[in-house]
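Report on one structure; see the data block that follows.
So, in structure tokens, the structure goes:
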């Protein structure tokens with residue numbers, strides 16, 4: 031048996047941990063800035079809203095960078111690609127450490143974001159190839175767990191460092207984590223040889239497969255419903271539930287625990303029954319968000335609902351990624367990385383919709399509007415399931431007739 035087959039036979043090879051650590055560093059650099067905005071604004075002599083553009087610029091960098099960088103590097107072997115992307119990530123954060131002014135920091139954040147989607151896409155592909163076919167979603171969820179754990183451990187840790195030693199120290203810590211991940215990837219991730227490397231034309235064709243586009247839209251809608259609420263979770267919990275501001279951090283840590291559980295459970299469910307589990311997950315998510323409208327009135331019920339919401343919200347992520355990879359199996363890299371572009375556009379759209387809802391209907395309307403958005407995702411998922419069944423029936427009929 032070859033080395034690759036030996037690796038594939040393992041359920042979760044230890045080498046996956048280095049991909050998870052890379053995802054952890056990416057998640058930390060994306061979200062740690064939220065806790066450091068006042069520090070950055072004061073140090074660089076800009077307003078809080080201007081400092082907030084550091085978050086927007088990163089999201090735009092992800093949305094633009096994932097497909098563009100994938101196109102430019104589609105011929106690079108996947109292990110070398112991971113090393114290149116982590117190097118870009120490390121340099122981007124290093125430039126953030128030494129940024130002399132606001133404009134330079136914006137540019138450094140956008141440069142860092144270029145590697146985000148392509149690293150997670152390529153990392154997911156490698157993870158899927160290191161395990162048996164029936165464990166692919168679980169392996170991908172393990173890698174993506176790095177993003178969720180970053181919200182539980184990395185962001186509070188980075189915020190603490192930034193508050194004690196200055197915001198630049200937070201990015202310095204991320205550089206160190208990135209270097210450790212890069213070493214692990216170089217040393218422990220095996221070189222996986224593809225039988226037939228895909229061409230750029232195949233990659234583009236796979237991306238514009240109507241089923242892939244439908245799934246990208248479905249994922250974007252799911253993230254849109256998440257960020258419609260999550261962007262404004264602090265005022266929801268303080269103004270409606272009555273929590274003190276200092277309590278929000280611990281509630282978000284609990285939400286992060288739910289996110290991690292959801293990511294793992296979602297991977298296992300997707301390995302079991304992919305589309306049915308995604309349909310059920312969207313339905314549950316819509317119900318939970320509708321319930322949140324009422325449970326926000328009670329502190330205890332609000333905490334419980336936020337935790338369960340975290341589980342449901344991220345339970346869909348591994349399944350979405352596996353579904354896209356399955357549909358674009360001949361040339362999955364561009365489609366896989368573009369999913370992160372779609373999800374980030376969903377994030378931005380959700381934040382925008384939430385702002386409109388607050389202005390037009392008030393803060394309390396946000397959860398049920400997010401529930402309606404999720405219902406839209408549920409309907410798209412049902413359409414995907416019906417199309418899939420019809421395609422399978424047509425192919426089976428054609429095979430019988432031949």
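Numbering (the numbering used here), first residue to last: 31 to 432. Backbone N, C-alpha and C fix where the C-beta goes; we use that ideal spot for every residue, glycine too.
Roughly how many angstroms lie between the CA atoms of residue 95 and residue 139, to the nearest whole one? Here residue 95 refers to the residue found at position 65 when the chain shown is read from its first residue. Here residue 139 refers to the residue found at position 109 when the chain shown is read from its first residue. Whole-angstrom Cα-Cα distance: 12 Å.
To the nearest angstrom, how far is the alpha carbon of residue 244 from that of residue 93? Position 214 of the chain shown, counted from the first residue, corresponds to residue 244. Position 63 of the chain shown, counted from the first residue, corresponds to residue 93. Cα to Cα, the separation comes out at about 17 Å.
Would residue 419 be called buried (16 or more neighbouring beta carbons within 10 Å of its own) or exposed? Here residue 419 refers to the residue found at position 389 when the chain shown is read from its first residue. Residue 419 should be labelled exposed.
Rounded to whole angstroms, what is the Cα-Cα separation between residue 147 and residue 162? Taking the first residue of the chain shown as position 1, residue 147 is located at position 117. Taking the first residue of the chain shown as position 1, residue 162 is located at position 132. One C-alpha to the other measures close to 24 Å.
Cβ-based burial, residue 48 [other Cβ within 10 Å; buried from 16]: To locate residue 48, count along the chain shown from 1; it is residue 18. Flag for residue 48 reads buried.
Closer than 8 Å by C-beta to residue 118: which residues in its own chain qualify, once you throw out the five before and the five after it? Chain order, please. For the purposes of this step, residue 118 is identified with residue 88 of the chain shown, where counting begins at 1. Taken in chain order, the residues that qualify are 141, 142, 144 and 145.
Touch test, the segment 200 to 209 against the segment 52 to 65, Cβ-Cβ under 8 Å, three pairs minimum: yes
Residue 166, enclosing alpha helix (DSSP H) - first and last residue: Position 136 of the chain shown, counted from the start, is the residue given in the question as residue 166. For residue 166, the enclosing alpha helix (DSSP H) begins and ends at 166 to 179.
Determine the direct distance from the alpha carbon of residue 364 to that of residue 157, and round the result to whole angstroms. Taking the first residue of the chain shown as 1, we reach residue 157 at position 127. Taking the first residue of the chain shown as 1, we reach residue 364 at position 334. Taking the straight line from one Cα to the other gives about 16 Å.
So, helix, strand or coil for residue 276, using DSSP? By 1-based counting over the chain shown, the position of residue 276 is 246. Reduced to three states, the DSSP call for residue 276 is helix.
List, from N- to C-terminal side, the alpha helix (DSSP H) runs of 4 residues or more that fit wholly inside the segment 102 to 166. 108 to 127 and 132 to 159
Stretch pair the segment 61 to 70 + the segment 102 to 122: three plus CB contacts closer than 8 Å: no
Going along the chain, which unbroken runs of the alpha helix (DSSP H) with 4 or more residues stay wholly within the segment 233 to 319? 240 to 260 and 278 to 302
DSSP state of residue 196 mapped onto helix, strand, coil: Translated into positions along the chain shown, residue 196 becomes position 166. If DSSP states are grouped into helix, strand and coil, residue 196 belongs with coil.
Within the continuous alpha helix (DSSP H) that includes residue 220, where are the two ends? The sequence position of residue 220 within the chain shown is 190, counting from 1. Unbroken run through residue 220: none, as it is neither H nor E.
One question on the structure: do residue 346 and residue 288 come within less than 9 Å of each other, judged by their Cβ atoms? Your numbering for residue 346 matches position 316 in the chain shown. Your numbering for residue 288 matches position 258 in the chain shown. Contact flag unset, no.
What are the uninterrupted segments assigned as beta strand (DSSP E) that are 3 or more residues long and contained completely in the segment 342 to 418, given in chain order? none
Can you give the Cα-Cα distance for residue 43 and residue 359, rounded to whole angstroms? On the chain shown, position 13 is the one that residue 43 refers to. On the chain shown, position 329 is the one that residue 359 refers to. So the alpha carbons of these two residues sit roughly 22 Å apart.
Would you mind sorting residue 110 into buried or exposed? The rule is 16 or more other CB atoms within 10 Å of its CB. Along the chain shown, one-based indexing puts residue 110 at 80. Exposed.
Would you mind reading off the limits of the alpha helix (DSSP H) that contains residue 77? Translated into positions along the chain shown, residue 77 becomes position 47. Following the DSSP letters along the chain, one finds residue 77 in no alpha helix (DSSP H), marked with neither H nor E.
Range of the contiguous alpha helix (DSSP H) that encloses residue 183: Counted from its first residue, the chain shown places residue 183 at position 153. That residue, residue 183, is in no alpha helix (DSSP H); it is neither H nor E in DSSP.
Cβ shell of residue 352 (< 7 Å), same chain only, five flanking positions each side left out: Position 322 of the chain shown, counted from the start, is the residue given in the question as residue 352. Within the same chain, residue 352 has close Cβ partners 166, 167, 170, 300 and 304.
So, at 8 Å on beta carbons, what are the nonlocal neighbours of residue 403 in its own chain, with the 5 sequence-adjacent residues on each side left out? For the purposes of this step, residue 403 is taken as residue 373 along the chain shown, with counting starting at 1. Within the same chain, residue 403 has close Cβ partners 251, 254, 255, 258, 380 and 383.
Three-state secondary structure (DSSP) of residue 327: By 1-based counting over the chain shown, the position of residue 327 is 297. In this structure, residue 327 counts as coil in the three-state DSSP scheme.
Beta carbon of residue 349, beta carbon of residue 179: below 9 Å? In the chain shown, residue 349 corresponds to position 319, counting from 1. In the chain shown, residue 179 corresponds to position 149, counting from 1. Not a contact, by the Cβ cut-off of 9 Å.
Compare the C-alpha of residue 405 against each of 370, 385, 427 and 310 and name the closest. The count along the chain shown starts at 1 and reaches residue 405 at position 375. When the alpha-carbon of residue 405 is set against those of 370, 385, 427 and 310, the nearest one is in 310.
Taking DSSP as the reference, what is the three-state secondary structure of residue 44? Residue mapping note: residue 44 aligns to position 14 of the chain shown, counting from 1. In this structure, residue 44 counts as coil in the three-state DSSP scheme.
Cut-off 6 Å between Cβ atoms - residues of its own chain near residue 261, not counting five sequence neighbours on either side: The count along the chain shown starts at 1 and reaches residue 261 at position 231. 381 and 384, listed in sequence order.
Measure the C-alpha to C-alpha separation of residue 196 and residue 81 and round it to an integer number of angstroms. For the purposes of this step, residue 196 is taken as residue 166 along the chain shown, with counting starting at 1. For the purposes of this step, residue 81 is taken as residue 51 along the chain shown, with counting starting at 1. Distance between the alpha carbons of residue 196 and residue 81: 15 Å.
Through-space distance from residue 263 to residue 373, alpha-carbon basis: Working through the chain shown from its first residue, we reach residue 373 at position 343. Working through the chain shown from its first residue, we reach residue 263 at position 233. Using only the alpha carbons, I get a separation of about 19 Å.
Going straight from the alpha carbon of residue 284 to that of residue 423, what length do you get? Here residue 284 is taken as the residue at index 254 of the chain shown, counted from 1. Here residue 423 is taken as the residue at index 393 of the chain shown, counted from 1. If you take the alpha carbons of residue 284 and residue 423, they lie about 44 Å apart.
Ignore the nearest five residues each way along the sequence and tell me which others in residue 200's own chain have a CB closer than 8 Å to its CB. By one-based count along the chain shown, residue 200 stands at place 170. For residue 200, where only same-chain residues beyond five positions count, the Cβ hits under 8 Å are 62, 66, 188, 189, 191 and 192.
Going by C-alpha to C-alpha distance, which of 149, 114 and 87 sits closest to residue 132? Here the question's residue 132 lines up with position 102 in the chain shown. If we check each option's Cα against that of residue 132, 87 comes out closest.
Starting from the Cα of residue 393, find the closest Cα among 136, 186, 232 and 327 and give me that residue. Stepping through the chain shown from its first residue, residue 393 is reached at position 363. Cα-wise, what sits closest to residue 393 is 327.
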